[in-house]
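J.: Quick one: the structure is below, questions incoming.
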Amino acid sequence: MDDAGGCEVARILGARHHFAVLGLDRVEFADLATVRRQYKLLARVVHPDKSAHAQAEDAFKKLSIAYECLADDASQTQYLASITSSSKKRRRGQSNDPPAKRPAPTTHIRMRTPDEIYAAFMAEEERQAAAEFQKHGFERVFIASPKHKTKRVETPLPTPEDHRREALLATDLEAKRGGWASFASGKPPNTSEAPAPSIVAPPQVVTPAFHCLLCRRKFKSRDVLVRHEAESELHQANLAKQAQRAT
1 MDDAGGCEVA RILGARHHFA VLGLDRVEFA DLATVRRQYK LLARVVHPDK
51 SAHAQAEDAF KKLSIAYECL ADDASQTQYL ASITSSSKKR RRGQSNDPPA
101 KRPAPTTHIR MRTPDEIYAA FMAEEERQAA AEFQKHGFER VFIASPKHKT
151 KRVETPLPTP EDHRREALLA TDLEAKRGGW ASFASGKPPN TSEAPAPSIV
201 APPQVVTPAF HCLLCRRKFK SRDVLVRHEA ESELHQANLA KQAQRAT
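In this text, residue positions in the sequence shown follow the UniProt record's numbering: the first is 1, and each later residue adds one.
As structure tokens, then:
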């Protein structure tokens, strides 16, 4: 047995009142949470199943009686009044006064054994723990592990070759559609009719445009494009993503 258990057994057996048994320094009203905490702490040390001390059973019995008295507000108040009045009488030197009349006998109530007290205490502990879990169970936030996060498949940015291919495929769609229809039907295209005169569209003045293919944006001048590449946060973020994919 460890020295701490033996010291607690000796201390409990030498205590003069219930408050001292539970390790409470002051003789004053103690809240139920404090009484339960002290009893739980000491019961783990002096319980006969936990301690090999020869007087562990006597200490555990005295501890259980003290807890039984102080764990109830009414009984603690009554006990506190009794030991307070007794100490006042001793200070006033009234020890030689005739003894007070005994109160009328009350109906006998069987006291619980230390094992019954301890079993009831542990059952209450489990009930409170279950109630606390039920109370805060819906407030918990479960964060998924990074290993189970859905992987995002990022589409690579289009290259200049992709843009040229799309522009080429988009030209003369109507003419290509007619040619494919003739090929599918097995009939040669009708060439007896004179072709309609082609209308030559007037030349259009094409204003050169400057593109940032990385950000998919168009700018009206090279200076604006250069400033975009140097100062734009979007451009810098896209550059970082492109560097990550390259590594």
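All C-beta atoms, glycine included, are put in the ideal place defined by N, C-alpha and C.
Remember, it's a predicted structure, so these values are computed and weren't measured experimentally.
Quick one: using the 10 Å Cβ neighbour count with 16 as the cut-off for buried, is Thr247 buried or exposed?
T.: Counted from its first residue, the sequence shown places residue 247 at position 247. Answer is exposed; the Cβ neighbour count stays below 16.
J.: When you compare the segment 45-55 with the segment 15-26, are there three or more beta-carbon pairs, one atom per stretch, that lie closer than 8 Å?
T.: Short answer: they don't touch.
J.: Among Gln134, Ala66, Ala10, Ala237, which one has its Cα closest to the Cα of Leu24?
T.: In the sequence shown, residue 24 corresponds to position 24, counting from 1. The option with the nearest alpha carbon to Leu24 is Ala66.
J.: My assumption, with CB atoms under 8 Å, is that Tyr39 sits in contact with Phe121. Please give the rounded CB distance.
T.: Translated into positions along the sequence shown, residue 39 becomes position 39. Translated into positions along the sequence shown, residue 121 becomes position 121. Right, their Cβ atoms sit about 7 Å apart.
J.: Give me the DSSP bridge partner(s) of Arg217.
T.: One-based indexing of the sequence shown puts residue 217 at position 217. For Arg217, which the question treats as bridged, DSSP gives the partners Cys212.
J.: Taking the straight line between their C-alpha atoms, what separation do you get for Arg36 and Arg127?
T.: For the purposes of this step, residue 36 is taken as the residue at position 36 of the sequence shown. For the purposes of this step, residue 127 is taken as the residue at position 127 of the sequence shown. Whole-angstrom Cα-Cα distance: 14 Å.
J.: Just reading off the alpha helix (DSSP H) that Phe121 is part of, what are its end residues?
T.: Position 121 of the sequence shown, counted from the first residue, corresponds to residue 121. Its alpha helix (DSSP H) spans residues 114-136.
J.: DSSP three-state label for Ser95, please.
T.: As a working note, residue 95 is residue 95 in the sequence shown. Bear in mind that a pLDDT of 48 at Ser95, under 50, signals an unreliable position, so the model cannot answer this.
J.: In whole angstroms, what separates the C-alpha of Pro114 from that of Lys135?
T.: Against the sequence shown, residue 114 aligns to sequence position 114. Against the sequence shown, residue 135 aligns to sequence position 135. Their backbone Cα atoms lie some 31 Å apart in a straight line.
J.: Nearest to Leu42 by CA position, among Phe219, Asp31, Lys61, is which residue?
T.: For the purposes of this step, residue 42 is identified with residue 42 of the sequence shown, where counting begins at 1. Selected option, being the one with the closest Cα: Lys61.
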